[in-house]
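**Q** So that we are looking at the same thing, I have put the structure below in structure tokens.
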Amino acid sequence: MKTLVMKFGGTSVGGAEAMAKSAEIVRAAKKDWPQVAVIVSAMSGVTDALLKGAHTAAAGDAETFRHIAKELHAKHEIAIHDLVGAIRESPLRENIEPYLAEFESLCHAVNILGEASPRAIDAISSLGERMSIHLIAARLREIGIEAEAVEASELILTDDMFGSANPQMEETAAKCELRLRPLMRRGGVPVITGFIGATRSGAVTTLGRGGSDYSAGIIGAAMAADEVWIWTDVNGVMTADPRVAADAQTLPELSFREISELAYYGAKVLHPKTIRPVIERGIQLWIKNTFNPSHPGTLIVPDNGRAAGAIKAVTAIKGQSLITIEGRGMLGVPGVAARTFGAVARSRVSVTLITQASSEQSICFSAPSASVSRVIAALEEEFRLELARRDIDSVTAINDAVIVTVVGAGMKYTPGLAGKIFSALGSANVNVIAIAQGSSECSISLVVDAKEADEAVRAIHDLIIAKRA
Ligand code: ADP
Ligand code: ASP
Ligand code: MG
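Using our numbering, the letters of the sequence shown correspond one by one to residues 7 to 475.
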């Protein structure tokens, strides 16, 4: 029987009105699809609020998390009131309240300890999804669909990398089959928490910020779905973030390589890890707009060959630092790059971009600014001898950098593109600090100062819209 997995993001469940729209979308899909599973995010803003509660509590503030609990209570209360008939309000309230109580007691514990472990952070940040599933399931029942709220801690088995846990796919598939299939076979709709999983011992983990998309990919793969539809607040994947370039246009089709590069380099519309489990199994992936459901959105295809138009989209990833290791003594010495990236890997930081000067006198790469002090410490430790001998002069970092990436599978067949990009940036007075070409040849990345990032995106976007590149 054909299976559809749909995921609704934070704004799609941001309040009663949006939830009602999402529920209608599920009802419409049920007409065409015998088996439907739904993944939902927390109501928009809730995960941020939960995390703020945890961090302020850890920093010694015993007040803020209590205010946040009240605000979250009010937010869910308004939604409850508008979502279901009066007699069904109080059972729904009883579903939500234990999580708010749990939030307060976890924050209280963190406050007393004076620190929040990654495990505690995951326990706290998972609560938003654990509440929202009850609201959506209740709304679906309200409009006549058999729906059951299911916590993904029962479905997705992960390792214990709290904060960015990795699923064990085989066992996850077995759990999903056992828990979800009977319900779906008889036409019921499981409403599953996005974002979370659990370790073998039952501790709740999270898959990383924005990870509900990934949950949809995991469950889609586990249930051997025919299609996965990601419902969000824009008309699919666009030529740029519409918040930065107001004239951004929807891309009707994008190859999985293109969407992977875009997602990896900051296009928030899809979590980068979503793509692999889905594409590997030949599952169709769509990105659609909850607030404009008749718009077809974007279809992700395996490969679009020599698609027309070289550059398809431009994106930016903020909060980066550019780290440089420099020294004449590095010239021709084998192994410096390996040692550099070995040291970075040991500090558990993942490198976002690498460039190397051809003279081999420097290695330059970027990493998230939040981890830069860890990276520099690891490099100074690795190259202690070389630094003392002055073979390596310095390990330095430029902060407030942004990586701007242009993406398009047709780029490798199009000569002269780099020139067009640079002259557009030159005309906009944007200074390029470093450049790297993606190994898949479907992206080029430029590092610019944070202050010039939006301007850089718009300048390149103008080339796309005017079909000049
Ligand atoms: P959700 O809560 O539904 O997961 P997100 O906020 O995570 O939604 O992602 C959707 C947002 O991604 C859009 O509102 C848009 O501002 C942003 N975005 C960034 N780059 C792009 C892009 N290239 N195309 C579409 N949206 C983008
Ligand atoms: N609620 C989670 C977050 O805000 C996951 C998601 O929305 O995808 O990061
Ligand atoms: Mg998202």
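Where a beta carbon is used, it is the ideal one built from N, C-alpha and C, also for glycine. Quick caveat: nothing in here was measured; it's all calculated off a predicted structure.
Would Gly325 and Ser375 be called neighbours here (beta carbons separated by less than 8 Å)?
**A** yes
**Q** For the candidate residues Pro104, Val44, Glu267, Ile102, whose alpha-carbon lies nearest to that of Glu447?
**A** Glu267
**Q** Would the region 101 to 117 and the region 187 to 202 be scored as touching if the rule is three or more Cβ pairs under 8 Å?
**A** These segments do not touch.
**Q** Looking only at its own chain, which residues have a Cβ that is under 8 Å from the Cβ of Ala222, when we skip the five neighbours before and after it?
**A** Closer than 8 Å at the Cβ level, and outside the excluded window around Ala222, lie Val11, Met12, Lys13, Ile45, Gly200, Val234, Ile236, Thr280.
**Q** My output table needs one value for Phe262: the three-state DSSP class, helix, strand or coil.
**A** helix
**Q** Check for me: the alpha helix (DSSP H) holding Lys322 runs from which residue to which?
**A** The sequence given here has Ala at residue 322, not Lys. From DSSP, Ala322 is part of no alpha helix (DSSP H) but of the beta strand (DSSP E) over 319 to 332.
**Q** Determine the contact status of Glu95 and His87, defining contact as a CB-CB distance below 8 Å.
**A** Taking 8 Å as the cut-off, the beta carbon of Glu95 is found closer than this to the beta carbon of His87.
**Q** On the DSSP bridge assignment, give the partners of Ser534 in chain order.
**A** This structure leaves residue 534 out entirely; the chain is present only between 7 and 475.
**Q** Could you check whether Thr358 and Ile409 sit closer than 8 Å to each other, using their CB atoms as the reference points?
**A** Less than 8 Å divides the Cβ of Ile409 from the Cβ of Thr358.
**Q** Is Ala55 near the ligand ASP, in the sense that its beta carbon is under 7 Å from a heavy atom of that ligand?
**A** no
**Q** Are the beta-carbon atoms of Asp406 and Ala442 separated by less than 8 Å?
**A** no
**Q** Examine the ligand MG and report whether any of its heavy atoms sits within less than 7 Å of the Cβ of Gly242.
**A** no
**Q** Residues in its own chain within less than 6 Å of Lys181 by CB, not counting five upstream and five downstream?
**A** Same-chain partners within the cutoff: Leu161.
**Q** On the CB-based measure, 16 or more other CB atoms within 10 Å of its CB, does Ser429 come out buried or exposed?
**A** By the Cβ-count criterion, Ser429 is exposed, with fewer than 16 other Cβ atoms from all chains shown falling within 10 Å of its own Cβ.
**Q** By how many angstroms is the C-alpha of Ile84 removed from the C-alpha of Tyr485?
**A** Outside the shown range of the chain (7 to 475) lies residue 485, about which nothing can therefore be said.
**Q** Taking the alpha carbon of Lys318 as the reference point, which residue from Cys370, Thr402, Val412 has its own alpha carbon closest?
**A** Val412
**Q** Check Thr205 in the structure and name its three-state DSSP category.
**A** coil
**Q** If you count every other CB in all the chains shown that lies within 10 Å of the CB of Tyr419, and 16 or more means buried, which is it?
**A** exposed
**Q** Should Met7 be labelled buried (16 or more other beta-carbon atoms within 10 Å of its own) or exposed?
**A** It counts as exposed.
**Q** If you follow the beta strand (DSSP E) that Ala440 is part of, which residue opens it and which one closes it?
**A** In this chain, the beta strand (DSSP E) harbouring Ala440 covers 438 to 443.
**Q** State buried or exposed for Ile293, treating a residue as buried only when at least 16 other CB atoms are found within 10 Å of its CB.
**A** With 16 or more other Cβ atoms within 10 Å, it is buried.
**Q** CA-CA distance, Met49 and Asp67?
**A** Straight across, the Cα-Cα distance linking Met49 with Asp67 is about 25 Å.
**Q** Decide if Ser123 is buried, meaning its Cβ has at least 16 other Cβ atoms within 10 Å, or exposed.
**A** exposed
**Q** Do Asp165 and Ala171 have their CB atoms nearer than 8 Å?
**A** yes
**Q** So, with DSSP's three-state summary, where would you put Lys418?
**A** helix
**Q** Mind pulling the beta strand (DSSP E) runs of 3 or more residues that sit fully within the region 115 to 199?
**A** Segments of the beta strand (DSSP E) lying fully in the region 115 to 199: 153 to 156, 195 to 199.
**Q** Can you name the start and end residues of the beta strand (DSSP E) that Leu10 belongs to?
**A** Where Leu10 is concerned, the enclosing beta strand (DSSP E) stretches over 9 to 14.
**Q** Measuring alpha carbon to alpha carbon, tell me which residue in Asn295, Ala434, Ala230, Phe371 is nearest Glu286.
**A** When Asn295, Ala434, Ala230, Phe371 are compared, the shortest CA-CA separation from Glu286 is found for Ala230.
**Q** Within 7 Å: the Cβ of Gly15 and any heavy atom of the ligand ADP?
**A** yes
**Q** Do Ile427 and Ile470 count as a contact pair if the criterion is CB distance below 8 Å?
**A** If you check the CB distance, Ile470 and Ile427 do not come in under 8 Å.
**Q** What are the boundary residues of the beta strand (DSSP E) that includes Leu305?
**A** 304 to 307
**Q** Given this structure, state the Cα-to-Cα distance separating Val250 from Pro283, to the nearest angstrom.
**A** 30 Å
**Q** Would DSSP call Ile409 helix, strand or coil?
**A** DSSP places Ile409 in strand when its eight states are reduced to three.
**Q** Beta-carbon within less than 7 Å of Ala29's beta-carbon, same chain only, minus the 5 sequence neighbours each way: which residues are those?
**A** Ile142, Arg145, Leu146, Ile149
**Q** Could you give the DSSP three-state label for Ala349: helix, strand or coil?
**A** helix
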